[in-house]
Structures are given as C-alpha cells and as structure tokens.
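Participant: One structure follows; several queries about it will come next.
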Amino acid sequence: MNYALVTGGSSGIGLAYAEEMASRNYNILIVSNRDDLNLQAQEQIQRHHPDISVRTLMMDLATTDAAQKLYDYCHEQELPIEVLINNAGMFYFGASVEKPVSLSEKMMILHVHTPVTLSLLFGKEMKDRGQGYILNASSITAFMQFPTIAVYESTKRCLMTFSYALSSELKHHGVRVCCVCPGAVDTDLYNLPVNIRKWLCRFGVMLKPHQVAKKGVKALFWGWKRRIPGVWSRIFVALCLIAPDWLVDIVKQKFV
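Each step along the sequence shown adds one to the number in the working numbering, with nothing skipped, and position 119 is 228.
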C-alpha cells in the first residue's frame with residue numbers, strides 16, 4: 110500500500126487531510142515540528158483506521174535543507190509516496206516592516222521553498238513512474254493585496270501560480286497537481302473565541318477542517334488545477350478582484 114505524505118499533518122487542516130487520505134486506504138506519513146501533536150495525530154488516525162500504517166517524523170520544515178532531508182528520509186525508509194500534500198504553514202497579522210525579518214524569512218521558506226522543492230523532487234519521481242498526486246495548500250489571500258498580511262499572501266500567491274504551471278507540465282505524465290485555496294477555517298490560527306467560530310461555521314462563512322480536506326482531495330483526484338472551497342470564499346475572492354485601490358487604502362489606514 111502506498112503512502113500519503115502530509116506536511117503539517119499533526120493538527121488543523123493537515124490532520125483532516127491525513128484522516129481523509131487514511132479513509133481512502135492510504136498509509137500515512139505525518140511531518141511537523143511538534144512531536145507531541147504528531148503522536149496524538151498518529152493515535153487518533155490509527156484508532157479510526159486500524160488497518161493502515163501511520164508514521165510520524167518531527168522536522169522543522171522552515172529550513173532550506175528540510176525538503177531534501179525529507180525526500181532522502183522517504184527513500185531510506187523505502188516509503189512509496191503516491192500522494193504529496195504540502196500543507197505546513199504559519200501566519201501572523203501586522204505591518205510587515207515592523208516584524209522581525211527572520212520571521213518573514215521563515216514564512217517564505219515554509220510556504221515557498223520547501224513545498225516547491227518537495228513538489229519538484231517527488232514530482233520527478235511520480236513522472237518517471239507515470240502516476241502521482243500533489244496537493245499544495247494556498248489560501249484565498251493569494252488573490253488579495255491586503256495590508257497586514259503582505260508576506261503571507263504573496264507567498265501563497267507564489268505557491269498557487271507555481272502549482273498551476275506544474276500541473277500543466279505533469280498532467281500528460283499521469284501526475285495531477287492541485288492548489289487548494291480555502292478561506293476562513295475553524296482552527297486556532299486566528300485566535301478567535303469559540304462562540305464566534307461556531308457562529309461563522311453555522312452561516313458557512315468559516316469551514317470545518319474536514320470540509321476543506323474532503324473538497325480538496327476530491328478536486329485533486331478529479332484532476333482540478335485549483336479549488337476554492339466554500340461559496341462565501343468564492344464570493345469574497347470575486348469582490349477582492351474588483352476592489353478599488355481607495356478601499357484598500359482605507360483598510361491600510363485603519364490597521365497599519
């Protein structure tokens with residue numbers, strides 16, 4: 110049985126992706142920098158899917174050599190990776206120039222360097238054998254030019270455009286590449302109170318992690334190049350694309 114490799118798979122959307130792939134009878138390799146959460150995720154998935162193998166690896170993916178190390182690890186352990194899900198990410202609000210440059214560098218490595226390198230390394234392997242799947246987790250912010258998330262949205266846009274082009278390169282070789290761009294998701298990422306998150310989920314403004322995972326994996330296997338889960342997210346993207354500069358300036362004056 111082949112493996113699905115999920116980066117950032119120990120919690121949130123990543124864990125939902127791992128659960129979704131396990132439900133499709135894939136063995137799972139979870140990679141994140143939290144060993145405690147890795148073990149919790151392993152136990153949870155194993156409990157729900159006792160017939161599959163769930164492995165974990167603690168690794169800081171925000172380093173320039175992480176992708177090569179992870180690729181080499183899979184070869185050393187003889188793990189056949191059929192599905193690569195690049196989900197690991199980080200987030201912060203605030204004026205970019207007021208944040209430590211090291212924080213932005215870490216984000217750029219985690220959102221661009223590592224997933225792009227993993228896609229190239231495993232993508233070549235998938236192309237050679239004529240089968241494989243790559244899902245890159247972007248965001249609806251890839252369509253925005255919004256103050257306080259300049260580095261975040263630009264890295265997500267880079268990953269989105271890369272995924273779209275790589276999909277065109279590999280689709281005739283049996284390899285499917287999909288970029289999933291969710292909007293607000295019910296996780297701890299935004300530090301919102303639980304009651305507000307429940308209200309947003311009730312009206313469909315915010316999606317549950319398992320909803321994003323199901324829609325994303327379905328789009329991947331159906332051969333879609335890009336998927337924006339949720340009606341409200343698609344509406345928001347359309348509004349962002351036509352928003353005038355003066356409206357963005359008002360937001361900037363308020364938050365930056």
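Glycine included, C-beta positions come from ideal geometry on N, C-alpha and C.
Taking the alpha-carbon positions, what's the Thr173 to His157 distance?
Facilitator: Here the question's residue 173 lines up with position 64 in the sequence shown. Here the question's residue 157 lines up with position 48 in the sequence shown. Straight-line Cα distance between these residues: approximately 35 Å.
Participant: Three-state secondary structure (DSSP) at Gly325?
Facilitator: The residue given as residue 325 occupies position 216 in the sequence shown. Helix at Gly325.
Participant: Under the three-state reduction of DSSP, which class applies to Glu129: helix, strand or coil?
Facilitator: Residue mapping note: residue 129 aligns to position 20 of the sequence shown, counting from 1. Correct three-state label for Glu129: helix.
Participant: By Cβ distance, which residues of its chain are closer than 6 Å to Tyr273, with the 5 residues on each side in sequence left out?
Facilitator: If you number the sequence shown from 1, residue 273 lands on position 164. For Tyr273, where only same-chain residues beyond five positions count, the Cβ hits under 6 Å are Lys334.
Participant: Would you tell me roughly how many angstroms separate the C-alpha atoms of Val260 and Glu129, rounded to the nearest one?
Facilitator: Your numbering for residue 260 matches position 151 in the sequence shown. Your numbering for residue 129 matches position 20 in the sequence shown. For Val260 and Glu129, the distance between alpha carbons rounds to 30 Å.
Participant: Compute the beta-carbon to beta-carbon distance between Gly283 and Gln240, rounded to the nearest angstrom, for a pair I have assumed lies under 8 Å.
Facilitator: Numbered from its first residue, the sequence shown carries residue 283 at position 174. Numbered from its first residue, the sequence shown carries residue 240 at position 131. Sure, about 5 Å apart at Cβ, within 8 Å.
Participant: How far does the beta strand (DSSP E) with Asn195 in it extend, from its first residue to its last?
Facilitator: Against the sequence shown, residue 195 aligns to sequence position 86. Looking at the DSSP string, the run of the beta strand (DSSP E) that includes Asn195 is Ile190 to Asn195.
Participant: Quick check: what's the CA-CA separation for Glu185 versus Lys178?
Facilitator: Within the sequence shown, numbered from 1, the residue matching residue 185 stands at position 76. Within the sequence shown, numbered from 1, the residue matching residue 178 stands at position 69. Cα to Cα, Glu185 sits roughly 10 Å from Lys178.
Participant: Let me make sure I understand the geometry here. Which of Leu124, Arg336, Glu152 and Ile137 has the alpha-carbon closest to that of Ala251?
Facilitator: Mapped onto the sequence shown, residue 251 falls at position 142. Residue Arg336 is the option with its Cα nearest to Ala251.
Participant: So, helix, strand or coil for Ser213, using DSSP?
Facilitator: Walking along the sequence shown from the start, residue 213 turns up at place 104. Three-state DSSP puts Ser213 in a helix.
Participant: For Met110, name the three-state secondary structure that DSSP assigns.
Facilitator: As a first step, residue 110 must be located in the sequence shown, where it is residue number 1. Coil, per DSSP.
Participant: At the 9 Å Cβ level, is His158 part of the contact set with chain C, yes or no?
Facilitator: Although the question refers to chain C, the structure presented lacks it and comprises just one protein chain.
Participant: What does Arg156 pair with, by DSSP beta-bridge criteria?
Facilitator: Walking along the sequence shown from the start, residue 156 turns up at place 47. Its beta-bridge partners do not exist; DSSP assigns none.
Participant: Given this structure, state the Cα-to-Cα distance separating Arg238 from Glu207, to the nearest angstrom.
Facilitator: In the sequence shown, counting from the first residue as 1, residue 238 sits at position 129. In the sequence shown, counting from the first residue as 1, residue 207 sits at position 98. So the two alpha carbons sit approximately 47 Å from each other.
Participant: Tell me, please, which residues DSSP counts as bridged to Ala246.
Facilitator: Sequence index remark: in the sequence shown, residue 246 carries index 137 (1-based). DSSP output for Ala246 lists Val289 as bridge partner(s).
Participant: Does the Cβ of Asn195 have 16 or more other Cβ atoms within 10 Å, making it buried, or fewer, making it exposed?
Facilitator: Taking the sequence shown and counting its residues from 1, one reaches residue 195 at position 86. It counts as buried.
Participant: Can you list, in chain order, the residues of its chain whose CB lies under 8 Å from that of Ser119, leaving out five sequence neighbours each side?
Facilitator: Along the sequence shown, one-based indexing puts residue 119 at 10. The residues are Ile139, Ser141, Arg143, Leu146, Asn147, Gln149, Ala150 and Thr165.
Participant: Going by C-alpha distance, which of Ile137, Pro209 and His220 is nearest Leu188?
Facilitator: As a first step, residue 188 is located in the sequence shown; it is residue number 79 there, counting from the start. With distances taken between Cα atoms, Leu188 lies closest to Ile137.
Participant: How would you call His281, buried or exposed, if buried means at least 16 neighbouring beta carbons within 10 angstroms?
Facilitator: By 1-based counting over the sequence shown, the position of residue 281 is 172. His281 comes out exposed.
Participant: Less than 8 Å between the CB atoms is what I'm expecting for Ala246 and Gly198, so what's the real figure, rounded?
Facilitator: For the purposes of this step, residue 246 is taken as residue 137 along the sequence shown, with counting starting at 1. For the purposes of this step, residue 198 is taken as residue 89 along the sequence shown, with counting starting at 1. Indeed they touch by this definition, with Cβ atoms about 7 Å apart.
Participant: Just verifying my parser: in three-state terms, what is the DSSP assignment at Gly241?
Facilitator: Translated into the one-based positions of the sequence shown, residue 241 becomes position 132. Reduced to three states, the DSSP call for Gly241 is strand.
Participant: Do you know whose CA, among Arg266, Leu230 and Tyr242, lies nearest Met253's CA?
Facilitator: For the purposes of this step, residue 253 is taken as the residue at position 144 of the sequence shown. When only C-alpha atoms are compared, the closest one is Arg266.
Participant: Which value, in whole angstroms, describes the spacing of the CA atoms of Gly339 and Thr223?
Facilitator: Numbered from 1 along the sequence shown, position 230 holds the residue referred to as residue 339. Numbered from 1 along the sequence shown, position 114 holds the residue referred to as residue 223. Approximately 27 Å between the Cα atoms of the pair.
Participant: For Leu279, report the span of its alpha helix (DSSP H) as first-last.
Facilitator: Within the sequence shown, residue 279 is the residue found at index 170, counting from 1. Unbroken alpha helix (DSSP H) run through Leu279: Ala259 to Leu279.
Participant: Counting along the chain, where does the alpha helix (DSSP H) carrying Leu316 start and finish?
Facilitator: Reading the sequence shown from its first residue, position 207 is the one you call residue 316. Careful: Leu316 lies outside any alpha helix (DSSP H) and carries neither H nor E.
Participant: Do Asn134 and Val192 have their CB atoms nearer than 9 Å?
Facilitator: In the sequence shown, counting from the first residue as 1, residue 134 sits at position 25. In the sequence shown, counting from the first residue as 1, residue 192 sits at position 83. No, these two residues do not count as a Cβ contact at 9 Å.
Participant: When you compare only the Cα positions, how much space is there between Ser213 and Ser248?
Facilitator: Here the question's residue 213 lines up with position 104 in the sequence shown. Here the question's residue 248 lines up with position 139 in the sequence shown. Taking the straight line from one Cα to the other gives about 17 Å.
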